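Residue numbers (the numbering used here): 197 to 445. What follows is one structure encoded as structure tokens, with my remarks underneath.
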């Protein structure tokens, strides 16, 4: 027996772990995490992925808290995340996931298609954006691209062709965002029809703070009422138009 393994030595223990990890990953299987609020959707996507070559689902989560926990504790290559799971914290949550696992490739499933929205996601460090109208072949190709570290988009405008993110970012420039990150969160919730008390509860702040944010958002966008606020935010690309998305998220 190798001396370094005799007597339960610490060095031997870690050597065994390293060897076991190498053997486990020798088949180059891509390990995938699924994040979606709906169990049935997770189950359906997981079943599809298990039919793909050299891919396996190692975790399924339905909330932001579960997502953070799994990324912190699981060994995975690609995270396929529904936009609704990251809708409240957005960029902040994506940055946290990247910090927890720098090698993780994040692919967002979404039906949002505004230029500003797409820019914010890629600036936050995601690897790819896959529109919910994509077919099964596109899903498999997206995971393969992510595993290789490629950046890509499959949008509603071009549902059958992957778009080069580098070239797209070179010609698309979002409107300057006059709002802070917190104001963007408030704006998203206002657009979804939440009243100030509900927003305050979700963001864990006072109603007065939310009212102050709303007033400041309206001032910065030059509007006087909520309907005008949502319309102007869509025009500036700060919110996705419901006519563009075809669904809420």
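A virtual CB, placed ideally from N, CA and C, is assigned to each residue, including glycine. In this text, all values refer to a predicted model and were calculated from it rather than measured experimentally.
From the options, pick the residue whose C-alpha is nearest to that of residue i; which is it?
i           : options               : result
residue 349 : 314, 331, 378 and 332 : 314
residue 248 : 227, 407, 237 and 395 : 227
residue 261 : 292, 394, 326 and 395 : 292
residue 301 : 274, 400, 391 and 416 : 274
residue 346 : 328, 324 and 334      : 324
residue 256 : 272, 264, 335 and 238 : 238
residue 429 : 385, 395 and 240      : 385
residue 246 : 339, 329, 270 and 330 : 339
residue 280 : 269, 328 and 265      : 328
residue 423 : 299, 389, 270 and 240 : 389
residue 344 : 326, 241 and 299      : 299
Once the 5 residues before and after residue i are set aside, which same chain residues still bring their CB inside 7 Å of it?
i           : result
residue 278 : 231, 232, 233 and 305
residue 413 : 375, 379, 382, 383 and 425
Less than 8 Å separating the beta-carbons of residue i and residue j?
i           : j           : result
residue 297 : residue 267 : yes
residue 282 : residue 276 : no
residue 434 : residue 307 : no
residue 392 : residue 410 : yes
residue 335 : residue 263 : no
residue 303 : residue 337 : no
residue 402 : residue 394 : no
residue 287 : residue 387 : no
Count the other CB atoms, across all protein chains shown, that sit within 10 Å of the CB of residue i; report buried if there are 16 or more and exposed otherwise.
i           : result
residue 487 : The structure shown does not extend to residue 487, since the chain is modelled only from 197 through 445, so no value can be given for it.
residue 431 : exposed
residue 236 : exposed
residue 371 : At residue 371 the pLDDT is 48, less than 50, meaning the model places this residue with poor confidence and gives no usable figure here.
Can you give me the Cβ contacts of residue i inside the same chain, cut-off strictly under 6 Å, excluding the 5 residues immediately before and after it?
i           : result
residue 421 : none
residue 225 : 250 and 252
residue 258 : 233
residue 405 : none
residue 294 : 321
residue 407 : 392
Output needed for residue i: all residues of its chain with C-beta closer than 8 Å, excluding positions within five of it in sequence on either side, in chain order.
i           : result
residue 240 : none
residue 242 : 230, 253 and 256
Below 8 Å, can you find three or more Cβ-Cβ pairs linking the region 318-327 to the region 224-232?
Touching, no.
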